[in-house]
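In the working numbering, the protein residues as written are 307 to 491. Glycine is no exception: its CB is placed at the ideal position from the N, C-alpha and C atoms.
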Amino acid sequence: MNLPNLITFARLLSVPVVVYLIIQEAHLAAFIMFVIAGISDALDGYLAKHTDQTTQLGAILDPMADKTLLVGVYITLGLQGSLANWLVVLVVFRDLLIIGGILILFLVRLEVKMQPLPTSKINTATQLALAAIVLADLGLNFQIEGLVQGGIYLVAATTVISGAGYIASWTRQMTGIEANGSDRK
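Below, the structure is given as structure tokens:
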């Protein structure tokens, strides 16, 4: 356990705090905690790369912390009516699709690479931005409904594109096994 991994673990532990703050309608505090979590994501990645402290644990823990934070915030905001339910379902479904795809690849004994697709990084950035905008709107009363609506459609588009990218990648990997004459049944 190194410093970048400790920062990532702290971000993971912040998820229930952020969700609780949203439930309590302490939106400004939730926004501040969410921004701190976002900064910690950038900080742990920077430290891991620039101090040569990348680890297999970090490669697993970092996306898990990101997805746990996003899914927790999206579900909570959706239940409160601050995000469209259809978007929450889409975001959660994509993440479940990714987990399911990784499990399938593992079960057919393909190497599971924990590298996100470029479209996935864009999707995560748009999801983070939208959550921050919604929390800022709720906590600071910015009155930016148009920006929120635009963000919803941008997140929806990047979520669909990213999910399709993973399906295409997995299909290529599995087809590669069949093309190499593997005889798994």
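State the start and end residues of the unbroken alpha helix (DSSP H) segment that holds N391.
-> N391 to L413
Rounded to whole angstroms, how far is the Cβ of F322 from the Cβ of G364, which I believe are closer than 8 Å?
-> One detail in the question is off: residue 322 reads as Pro in this sequence, not Phe. Not a contact, Cβ separation roughly 21 Å.
Check whether the Cβ atoms of L444 and H356 lie closer than 8 Å to each other.
-> no
Expressed to the nearest angstrom, what Euclidean distance is found between the alpha-carbon atoms of L396 and N308?
-> 35 Å
The alpha helix (DSSP H) spanning M307 covers which residue range?
-> Where M307 is concerned, there is no enclosing alpha helix (DSSP H), given that its DSSP letter is neither H nor E.
What is the DSSP secondary structure of F448, counted as helix, strand or coil?
-> coil
Secondary structure at L423, three-state DSSP: helix, strand or coil?
-> coil
Distance, Cα to Cα, L327 vs A335?
-> 7 Å
Can you list, in chain order, the residues of its chain whose CB lies under 7 Å from that of I329, leaving out five sequence neighbours each side?
-> T382
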